[in-house]
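Quick note, the sequences are listed as chains A and B, same order.
So in the working numbering the end of the first sequence lands on 269, straight run, no missing numbers.
So in the working numbering the end of the second sequence lands on 269, straight run, no missing numbers.
Cβ coordinates follow ideal geometry from the N, Cα and C atoms, glycine included.
All values reported here derive from a predicted model rather than from experimental measurement.
Some notes on the structure that comes next.
2 protein chains.
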Amino acid sequence: MAIIHAMEGTRTQDQATEDRIFDAANAVFLEAGFDGARMKEIARRAGINHSMLHYYFRTKGQLFDDVFRRTAKEFMPPILETLRADDDLLSKTDAFIVRYHETLRRNPHMPAFMMQELRRNPQALGELAGSMLGEVVGILQVDIAKAVAAGRIRPISAEDLIANLLGLCVYPFLARPMLEAVFEAETPAYDQFLDNRPETVQRFMRHALAP
Amino acid sequence: MAIIHAMEGTRTQDQATEDRIFDAANAVFLEAGFDGARMKEIARRAGINHSMLHYYFRTKGQLFDDVFRRTAKEFMPPILETLRADDDLLSKTDAFIVRYHETLRRNPHMPAFMMQELRRNPQALGELAGSMLGEVVGILQVDIAKAVAAGRIRPISAEDLIANLLGLCVYPFLARPMLEAVFEAETPAYDQFLDNRPETVQRFMRHALAP
DNA sequence: AAGTAGTTCAACAGTATTGTTGAACATTTA
DNA sequence: TAAATGTTCAACAATACTGTTGAACTACTT
């Protein structure tokens, strides 16, 4: 009983407000980027007075950093887990394509946001990910060598493979406003296009890599 | 003589200043985006007092629109000309890949800039390009049908072809800061990677489309 | 119940940024 | 060369945005 009360107290309320602010900030930063985001708008969406933002997160930069950090970390697992798996290259790329598309469908603004902010501060990613990222090149080099030796794929550099794979997956999300115009597609039609992408990309990759 | 003098007069000076402003604005907007750009900074780079910006271009929005319009138009010719050519699909895609990479090497910030600003105002492109863009889907549908009938490629939708082609070309420019971290590549190494991209992408596309 | 810690917000302050004005200067035209 | 037109800039004005303070309020603790 005492414990329950303690957990319903100001600390809990505090947490709830902090979360509401965080979610609102996440949404606004993702939509507008750091420069375009307004503290007022974040406060409005969180349903609080704007001075609360400063109470909880000191400054705009601080709040942004927290949001950016979490958002960046959300995109690591699908990449690393699938690539670290004990499997052959083509199975890994297939799995990656599916998992990455799932993540992208849930966070469609993420890639554009990430691009934009990494351009403002190219160091940010390195500070977060450390050497984790460099690992994937090494893994893929081994997998490629094996697959080539087994005659399952033609040779390709790990760098090109990564660029091609990510480009094929991410571009339709990054360039959505442009592609919608080019395709003269309404929103539902474009969503359907995106639904079919994982399979399309899998086929495309397998053909492209075939010996 | 009179003509020469007339051309060296205020009109010409006017033009020169306007161009300097325009170029500076182009650079700043491309680097920082609309929200991140500062009129002060544009004036500084143009080597003039900041009030001149308002004299020539009224408002920040006006100046931006002019820059955006010109920048967007610079990216149309390589797309349309190569795709309109009287040639078979694979020759067209090969030509497109080379020409588009040339354009991208000259304006490496363009794609990220375009993405960012189209997210702020998705209508902008439609207002500029009108139906020109829709045309490419139609052209490609015909080319694909012919190439499939001739047994030169396997079937693929024009939409997926466009998304794949653009994604493969543009992504290394869009995601440069990220890929440089992943590849643990310094600037010259990444430039070399980009040098090899056109040929790599050509091969990749041809394999992927092969029947 | 009084004290303590934590939460909320309205009003205020400081700063950055955009936009305006007017006067001095330069160039062209007549 | 005098009037007209166009160019430049320093100083000013207006606004938008971020950040601060203090007082009222709530809930928990003893």
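Identify which residue in B:138, B:156, B:106, B:252 has its Cα closest to the Cα of residue 187 of chain B. If we check each option's Cα against that of residue 187 of chain B, B:138 comes out closest.
Starting from residue 270 of chain A, trace the alpha helix (DSSP H) both ways and give me its first and last residue. Outside the shown range of chain A, which is 59 to 269, sits residue 270 of chain A, and nothing can be said about it.
At a Cβ threshold of 9 Å, is residue 229 of chain B touching chain A? Output row for residue 229 of chain B: interface = yes.
Show which residues of chain A have a CB atom less than 8 Å away from the CB atom of residue 200 of chain B. In chain order: nothing, as chain A lies at least about 16 Å away.
How many angstroms separate the CA atom of residue 153 of chain B from the CA atom of residue 140 of chain B? Spanning the alpha carbons of residue 153 of chain B and residue 140 of chain B requires a straight line of approximately 7 Å.
Return the first residue and the last residue of the alpha helix (DSSP H) that residue 109 of chain A is part of. Segment 109 to 115, the alpha helix (DSSP H) holding residue 109 of chain A.
Taking residue 259 of chain B as the reference, which of A:98, A:223, A:201, A:198 has the closest Cα? Minimum Cα distance to residue 259 of chain B is reached at A:223.
Only counting the same chain, and skipping five residues up and downstream in sequence, which positions put a Cβ closer than 8 Å to that of residue 256 of chain A? Excluding sequence positions up to five before and after residue 256 of chain A, its CB lies within less than 8 Å of the CB of 155, 156, 159, all in the same chain and listed in chain order.
Since residue 232 of chain B meets chain A, which of its residues come closer than 7 Å, beta carbon to beta carbon? Those are 173, 232, listed as they occur along chain A.
Is there a C-beta anywhere in chain B that falls below 9 Å from the one on residue 206 of chain A? Closer than 9 Å: no.
Outcome for residue 250 of chain B when other beta-carbon atoms lying within 10 angstroms are tallied against a minimum of 16: It is exposed - the Cβ of residue 250 of chain B has fewer than 16 other Cβ atoms within 10 Å.
Is the number of C-beta pairs between the segment 170 to 185 of chain B and the segment 167 to 186 of chain A that are closer than 8 Å three or more? Segments in contact, yes.
Put residue 119 of chain A into one of helix, strand or coil per three-state DSSP. In the displayed model, residue 119 of chain A falls within a helix according to three-state DSSP.
Judging by CA-CA distance, which residue of A:265, A:80, A:88, A:101 is the nearest neighbour of residue 169 of chain A? Nearest C-alpha to residue 169 of chain A: A:88.
Where does residue 84 of chain A land, buried or exposed, given buried means 16+ other C-beta within 10 angstroms? The residue is buried, with at least 16 neighbouring Cβ atoms inside 10 Å.
Expressed to the nearest angstrom, what Euclidean distance is found between the alpha-carbon atoms of residue 143 of chain A and residue 124 of chain A? In this structure, the CA atom of residue 143 of chain A is about 30 Å from the CA atom of residue 124 of chain A.
Sufficient close CB pairs (3 or more, under 8 Å) joining the segment 200 to 209 of chain B to the segment 197 to 212 of chain A: No: the two stretches stay apart, fewer than three of their Cβ pairs being nearer than 8 Å.
Looking at the C-beta of residue 218 of chain B, does it have a partner C-beta in chain A at a distance below 9 Å? Taking 9 Å as the CB threshold, residue 218 of chain B lines the interface with chain A.
Say whether chain B places a C-beta atom closer than 9 Å to the C-beta of residue 241 of chain A. So yes, residue 241 of chain A belongs to the interface.
Under the rule that 16 or more other beta-carbon atoms within 10 Å means buried, what is residue 61 of chain B, buried or exposed? Any reading at residue 61 of chain B must be qualified, since the residue scores a pLDDT of 26, below 50, and its modelled position is unreliable; the value itself is stated next. Residue environment analysis places residue 61 of chain B among the exposed positions, since fewer than 16 neighbouring C-beta atoms fall within 10 angstroms of its C-beta.
Give me the residue from B:217, B:151, B:167 with the minimum Cα distance to residue 191 of chain B. When each option's Cα is compared against that of residue 191 of chain B, the closest is B:217.
Are residue 194 of chain A and residue 233 of chain B touching if we call contact CB-CB under 9 Å? Taking 9 Å as the cut-off, the Cβ atoms of residue 194 of chain A and residue 233 of chain B do not count as close.
Where does the unbroken alpha helix (DSSP H) through residue 210 of chain B begin, and where does it stop? Looking at the DSSP string, residue 210 of chain B is not in any alpha helix (DSSP H), and its letter there is neither H nor E.
Would you say residue 265 of chain A lies against chain B (beta-carbon separation less than 9 Å)? Residue 265 of chain A counts as touching chain B.
Can you name the residues of chain A whose CB is closer than 8 Å to the CB of residue 93 of chain B? Those are 90, 91, 93, 94, listed as they occur along chain A.
Within the 9 Å Cβ cut-off, does residue 122 of chain A reach chain B? Not an interface residue.
Residue 104 of chain A: contacting residues in chain B (beta-carbon distance under 8 Å): By Cβ distance, chain B contributes nothing, its closest Cβ being about 21 Å from residue 104 of chain A, past 8 Å.
Nearest CA to the CA of residue 242 of chain B: which residue from A:184, A:117, A:104? Of A:184, A:117, A:104, the residue nearest in Cα terms is A:184.
Along the segment 175 to 197 of chain B, where does the CB come closer than 8 Å to a CB of chain A? Name the residues. In summary, the residues of the segment 175 to 197 of chain B whose CB is separated from some CB of chain A by less than 8 Å are 176, 177, 178, 180, 183, 184, 187, 191, 192, 194, 195, in the order they occur in the chain.
Would residue 151 of chain A and residue 263 of chain A qualify as a contact pair, given that the criterion is a beta-carbon distance under 9 Å? Going by C-beta atoms, residue 151 of chain A is nearer than 9 Å to residue 263 of chain A.
Partners in chain A for residue 110 of chain B, counting only beta-carbon separations shorter than 7 Å: Result: empty, since nearest Cβ-Cβ is about 24 Å, beyond 7 Å.
Rounded to a whole number of angstroms, what is the C-alpha to C-alpha distance between residue 146 of chain B and residue 266 of chain B? If you take the alpha carbons of residue 146 of chain B and residue 266 of chain B, they lie about 16 Å apart.
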